[in-house]
Amino acid sequence: MNNERRSILKMLSIGALAQSQISNVFASSAGKALSGVDSSNQKHIEELFKKSIVIDGLVIPKGWNQDSFEALPKSGYTGFATSLTSYNLKLALNSINEWHQRIEDNPNKLLLATTAADFIKAKKENKTAVLFGFQNSTMIERSIDNINLLYEKGTRWIQLTYNQRNLLGDGSTERTNSGLSDFGIEAVERMNELGIIVDLSHCGPKTTDDGIHFSKAPASCNHTMCEALHRNHPRAKTDKQIKALADKGGVVGIISLGYMLGPKVRKETTLETYIDHIDHAVKVGGIDHVGVASDFAIQGLEATGATKENWYTPRLTRFKPSYKVQWPAWIPELDEPERFLNVAKALDRRGYSTGDIEKILGLNWLRYFDEVLK
Numbered sequence: 006m007n008n009e010r011r012s013i014l015k016m017l018s019i020g021a022l023a024q025s026q027i028s029n030v031f032a033s034s035a036g037k038a039l040s041g042v043d044s045s046n047q048k049h050i051e052e053l054f055k056k057s058i059v060i061d062g063l064v065i066p067k068g069w070n071q072d073s074f075e076a077l078p079k080s081g082y083t084g085f086a087t088s089l090t091s092y093n094l095k096l097a098l099n100s101i102n103e104w105h106q107r108i109e110d111n112p113n114k115l116l117l118a119t120t121a122a123d124f125i126k127a128k129k130e131n132k133t134a135v136l137f138g139f140q141n142s143t144m145i146e147r148s149i150d151n152i153n154l155l156y157e158k159g160t161r162w163i164q165l166t167y168n169q170r171n172l173l174g175d176g177s178t179e180r181t182n183s184g185l186s187d188f189g190i191e192a193v194e195r196m197n198e199l200g201i202i203v204d205l206s207h208c209g210p211k212t213t214d215d216g217i218h219f220s221k222a223p224a225s226c227n228h229t230m231c232e233a234l235h236r237n238h239p240r241a242k243t244d245k246q247i248k249a250l251a252d253k254g255g256v257v258g259i260i261s262l263g264y265m266l267g268p269k270v271r272k273e274t275t276l277e278t279y280i281d282h283i284d285h286a287v288k289v290g291g292i293d294h295v296g297v298a299s300d301f302a303i304q305g306l307e308a309t310g311a312t313k314e315n316w317y318t319p320r321l322t323r324f325k326p327s328y329k330v331q332w333p334a335w336i337p338e339l340d341e342p343e344r345f346l347n348v349a350k351a352l353d354r355r356g357y358s359t360g361d362i363e364k365i366l367g368l369n370w371l372r373y374f375d376e377v378l379k
């Protein structure tokens with residue numbers, strides 16, 4: 006790591022980020038607590054949050070507008086992984102080009118992220134880094150070489166399957182559970198060669214297991230939850246999967262969407278339920294392998310005009326009953342731009358050190374990006 010990156014990391018962390026090697030920087034706790042400060046004081050968590058690298062594992066950018074830009078400074082985001090159109094190669098490239106243009110038109114607000122260093126740069130320059138990726142691999146079509154083209158255009162993460170089966174493997178709600186195809190394994194190998202993250206969030210159980218096993222680089226689940234806390238949900242990952250992914254260096258991003266976390270959103274399922282999922286993932290996979298993720302627009306679902314008629318009802322036909330879609334779908338404290346400040350305060354109340362809060366907010370994603378992206 007060069008001197009500039011090291012000095013930036015020292016500046017960004019409130020704790021002891023003074024190690025000489027990047028692996029040590031991300032592997033160690035970023036300070037046990039704020040020097041001379043009672044970490045239970047929420048004002049100091051606000052100070053910590055402002056200085057932290059904050060990375061959202063998945064933002065849905067559909068309908069990005071002025072409201073989205075206005076939400077950015079409120080969010081405190083250093084960067085996010087964005088989900089682009091994956092239906093076919095043509096539409097995928099159009100979606101990439103649209104985001105390139107958006108970044109070019111807003112150079113004082115956005116920058117393209119292709120490495121971990123870009124997130125550090127974004128923090129230093131008070132911008133937001135955008136990591137291009139896809140929640141399906143259908144845009145690869147039938148050619149592995151299309152992965153090269155997508156990489157050249159800026160793609161840095163690809164979810165192998167969505168809920169349904171595709172050419173690579175079975176998704177989370179597919180009736181069968183056949184895992185990766187030979188074509189899927191070939192795609193994973195090419196992604197590893199190039200430095201594209203292998204994401205398994207919507208993959209079926211066997212495809213998830215295969216993705217962890219066959220990927221030489223650590224895989225991720227950039228927006229998921231713990232099956233131990235939300236039983237029999239097809240999108241949740243088991244303890245065995247979380248541990249296997251973490252053992253290879255991967256990161257699990259805990260999804261903020263309320264109905265993914267438990268039943269009876271806002272009654273039984275609250276912000277504390279979200280922290281429960283973080284807690285459980287940390288106990289299973291370790292503090293270095295858990296991050297945060299939203300899975301909706303940066304300003305929140307309610308702010309984008311989601312209603313029972315236009316959001317909930319269509320999902321009753323798009324998703325199988327096993328998806329357990331609910332209305333209302335969101336937890337209020339997570340459905341606003343300040344969601345991860347709220348999470349940081351809740352983690353502090355649970356007794357997490359300032360260093361561990363920093364890791365969950367973004368340093369774990371940063372360490373992971375540094376390892377996987379080339």
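The numbering used here applies: residue 6 is where the sequence shown begins, and numbers increase by one.
Backbone N, C-alpha and C define an ideal beta-carbon position, used for all residues, glycine too.
Check	Outcome
Endpoints, alpha helix (DSSP H) assigned at residue 104	94 to 110
Backbone secondary structure at residue 49 - three-state DSSP	helix
Residue 163 - partner residues in DSSP beta bridges	139 and 203
Straight-line gap, residue 229 to residue 151 (C-alpha atoms, nearest Å)	27 Å
Touch test, the stretch 68 to 84 against the stretch 343 to 350, Cβ-Cβ under 8 Å, three pairs minimum	yes
Reduced DSSP category for residue 120 - H, G, I as helix; E, B as strand; rest coil	coil
Proximity below 8 Å, CB of residue 178 to CB of residue 169	yes
Where the alpha helix (DSSP H) containing residue 218 begins and where it ends	210 to 219
is_contact[residue 89, chain B] using C-beta, thresh 8 Å	Absent from the structure is chain B; it holds one protein chain and no more.
Alpha-carbon spacing of residue 270 relative to residue 320, whole angstroms	16 Å
8 Å Cβ cutoff met for residue 279 and residue 339	yes
Nearest-angstrom Cα separation, counted from residue 299 out to residue 156	24 Å
Residue 88 vs residue 65 beta-carbon contact at 8 Å	yes
Residue 213 to residue 205 span [Cα, whole Å]	6 Å
Under 8 Å between C-beta atoms of residue 256 and residue 289	no
Proximity below 8 Å, CB of residue 171 to CB of residue 63	no
Whole-angstrom distance between residue 162 and residue 134, CA atom to CA atom	14 Å
Residue 350, buried or exposed, once every other Cβ within 10 Å from all chains shown has been counted against 16	buried
Beta strand (DSSP E) runs wholly inside the stretch 268 to 328, at least 3 long, in chain order	295 to 297
Backbone CA spacing between residue 219 and residue 59 [nearest angstrom]	30 Å
Cβ neighbour criterion (16 or more within 10 Å) applied to residue 187	exposed
Nonlocal neighbours in the same chain, by C-beta distance under 8 Å from residue 208, ignoring five residues either side	164, 165, 166, 174, 175, 176, 177 and 216
Cβ shell of residue 193 (< 6 Å), same chain only, five flanking positions each side left out	203, 219 and 220
Coil, strand or helix - residue 242 by DSSP	strand
C-beta atoms of residue 312 and residue 302 nearer than 8 Å	no
Residue range of the unbroken alpha helix (DSSP H) whose run includes residue 5	The structure shown does not extend to residue 5, since the chain is modelled only from 6 to 379, so the question has no answer here.
Residue burial classification, residue 148 (beta-carbon count within 10 angstroms, cutoff 16)	exposed
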